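The next block holds one structure in the form of structure tokens; read it before the comments.
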Ligand SMILES: [Zn+2]
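In my numbering, the protein residues as written are 9 to 249.
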């Protein structure tokens, strides 16, 4: 294929713009904020799950505590009644003895129940503290998430603008390239990992980075400048610069 030097240089210019677009696209997809947000979402999800469990636990312990309070109250009431009966002076000696025995065993029971109540209160405090910690954690995570989302939006906006600008520049350059040459470039680019044209630097193809052998270099030198070259190794359009 024949193509003027100016046309060949336009193809290189197009390649340079395509490189910038590809790089920006890669950067867009690999912004660290994307990974950070995924990580935060995992932490939010695990903290939310734990919080739901802990809240159910707090509720459950609350019920246990109420039952335990009623148990203590019941025994305390019976002790008061027995003591009142004792103090009344109306009881028979046999009854007095029974009452005294009962009060001793009721007080022992009262102590046991108070121990149980205390143990439930400690568990309740621990569960409430964990619930508060998780709630605070979730608030902090949300703040962090908002902050990173903001950074991601800014970075995405900047890169997207760069891509849009390069695409406009690309369209302007492409419109100046003759159709058969442009089609060839696009075809090679599609199959060549985004690279359709490369410069010949010394005896090296900039596309595949391989040196062109001496015989081929001699042949290239003998060709007219308007002769469109292709790299023998990677088949990309090779532009003499
Ligand atoms: Zn090559």
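Virtual Cβ for every residue (Gly too), placed ideally from N, Cα, C.
Remember, it's a predicted structure, so these values are computed and weren't measured experimentally.
- prompt: I think residue 206 touches residue 213, with their Cβ atoms under 8 angstroms apart; what is that distance to the nearest whole Å?
  reply: For the purposes of this step, residue 206 is identified with residue 198 of the chain shown, where counting begins at 1. For the purposes of this step, residue 213 is identified with residue 205 of the chain shown, where counting begins at 1. Between residue 206 and residue 213 a beta carbon distance of about 5 angstroms is seen, short of the 8 angstroms cut, so the two are scored as contacting.
message: Which residue marks the beginning of the beta strand (DSSP E) containing residue 220, and which one marks its end?
response: Along the chain shown, one-based indexing puts residue 220 at 212. Premise fails: residue 220 is in no beta strand (DSSP E) and is neither H nor E.
query: What do you reckon, are the CB atoms on residue 76 and residue 124 nearer than 7 angstroms?
result: Translated into the one-based positions of the chain shown, residue 76 becomes position 68. Translated into the one-based positions of the chain shown, residue 124 becomes position 116. Taking 7 angstroms as the cut-off, the Cβ atoms of residue 76 and residue 124 count as close.
message: Can you determine whether any heavy atom of ligand 1 sits closer than 6 angstroms to the C-beta of residue 215, and answer yes or no?
response: Stepping through the chain shown from its first residue, residue 215 is reached at position 207. It does: the Cβ of residue 215 is within 6 angstroms (strictly closer) of some heavy atom of ligand 1.
task: Give the single residue among 200, 78, 220 whose Cα lies nearest to the Cα of residue 209.
output: Counted from its first residue, the chain shown places residue 209 at position 201. Nearest option by C-alpha distance: 220.
query: When DSSP labels each residue in this structure, what does residue 209 get in the three-state scheme?
result: Residue numbering aside, residue 209 sits at position 201 when the chain shown is read from its first letter. In the structure shown, the three-state DSSP call for residue 209 is strand.
task: Within its chain, find whatever has a CB closer than 7 angstroms to the CB of residue 35; leave out the 5 residues flanking it on each side and keep chain order.
output: Translated into the one-based positions of the chain shown, residue 35 becomes position 27. Counting only residues of its own chain and dropping the five nearest sequence neighbours on each side, residue 35 has a CB closer than 7 angstroms to the CB of 167.
message: With a threshold of 6 angstroms (Cβ to nearest heavy atom), would residue 238 be considered close to ligand 1?
response: Taking the chain shown and counting its residues from 1, one reaches residue 238 at position 230. Relative to the non-hydrogen atoms of ligand 1, the Cβ of residue 238 never comes closer than 6 angstroms to any of them.
- prompt: In the DSSP assignment, what residue or residues form a beta bridge with residue 155?
  reply: Within the chain shown, numbered from 1, the residue matching residue 155 stands at position 147. Answer by DSSP bridge pairing: none, since residue 155 is not bridged.
field: Burial state of residue 161 (16 or more Cβ within 10 Å)
entry: As a working mapping, residue 161 is identified with position 153 in the chain shown. Result: exposed.
task: Determine which residues share a DSSP beta bridge with residue 10 and list them.
output: For the purposes of this step, residue 10 is identified with residue 2 of the chain shown, where counting begins at 1. Partner(s): 235.
query: Within the present structure, is the beta-carbon of residue 241 separated from the nearest heavy atom of ligand 1 by less than 6 angstroms?
result: The sequence position of residue 241 within the chain shown is 233, counting from 1. True, at least one ligand heavy atom lies under 6 angstroms from that Cβ.
Presumed contact (8 angstroms Cβ cut-off) between residue 10 and residue 236, rounded CB distance: Translated into positions along the chain shown, residue 10 becomes position 2. Translated into positions along the chain shown, residue 236 becomes position 228. Their Cβ separation, rounded to whole angstroms, is 7 angstroms, which keeps residue 10 and residue 236 in contact under 8 angstroms.
- prompt: In this structure, what does DSSP give as the bridge partners for residue 245?
  reply: In the chain shown, counting from the first residue as 1, residue 245 sits at position 237. Beta-bridge pairing links residue 245 to 205, 238.
task: Please report how far the alpha carbon of residue 240 lies from the alpha carbon of residue 38, in whole angstroms.
output: By one-based count along the chain shown, residue 240 stands at place 232. By one-based count along the chain shown, residue 38 stands at place 30. The alpha-carbon atoms of residue 240 and residue 38 are separated by roughly 34 angstroms.
task: Using only the heavy atoms of ligand 1, determine whether one of them is closer than 6 angstroms to the beta carbon of residue 333.
output: For the chain, the structure presents residues 9 to 249; residue 333 sits outside this window and is missing.
- request: State yes or no: is the C-beta of residue 15 within less than 7 angstroms of the C-beta of residue 218?
  value: As a first step, residue 15 must be located in the chain shown, where it is residue number 7. As a first step, residue 218 must be located in the chain shown, where it is residue number 210. No, these two residues do not count as a Cβ contact at 7 angstroms.
task: Confirm, please, whether the CB-CB distance from residue 178 to residue 17 is below 7 angstroms.
output: Taking the chain shown and counting its residues from 1, the one referred to as residue 17 is at position 9. Taking the chain shown and counting its residues from 1, the one referred to as residue 178 is at position 170. Residue 178 sits away from residue 17, with the two beta carbons spaced by 7 angstroms or more.
query: Relative to the alpha-carbon of residue 92, which residue among 101, 107, 80 has its alpha-carbon at the smallest distance?
result: Within the chain shown, residue 92 is the residue found at index 84, counting from 1. With distances taken between Cα atoms, residue 92 lies closest to 107.
query: So what's residue 38 in DSSP terms, helix, strand or just coil?
result: Mapped onto the chain shown, residue 38 falls at position 30. In this structure, DSSP gives residue 38 a state outside helix and strand, which the three-state scheme calls coil.
- prompt: Are there 16 or more other CB atoms within 10 angstroms of the CB of residue 196, so buried, or fewer, so exposed?
  reply: By 1-based counting over the chain shown, the position of residue 196 is 188. Residue environment analysis places residue 196 among the buried positions, since at least 16 neighbouring C-beta atoms fall within 10 angstroms of its C-beta.
message: Taking contact to mean 3 or more Cβ pairs, one atom from each stretch, closer than 8 angstroms, check whether the segment 95-113 and the segment 59-69 are in contact.
response: Counting C-beta pairs with one atom in each stretch, the segment 95-113 and the segment 59-69 have fewer than three that are closer than 8 angstroms, which means they do not touch.
Cα-Cα separation, residue 21 to residue 230: Sequence index remark: in the chain shown, residue 21 carries index 13 (1-based). Sequence index remark: in the chain shown, residue 230 carries index 222 (1-based). About 25 angstroms.
field: Nonlocal neighbours in the same chain, by C-beta distance under 7 angstroms from residue 159, ignoring five residues either side
entry: Position 151 of the chain shown, counting from 1, holds the residue named residue 159. Hits under 7 angstroms: 41.
message: Does residue 70 come out as helix, strand or coil in the three-state DSSP assignment?
response: Locating residue 70 in the chain shown gives position 62, where the first residue counts as 1. Residue state, collapsed to three classes: helix.
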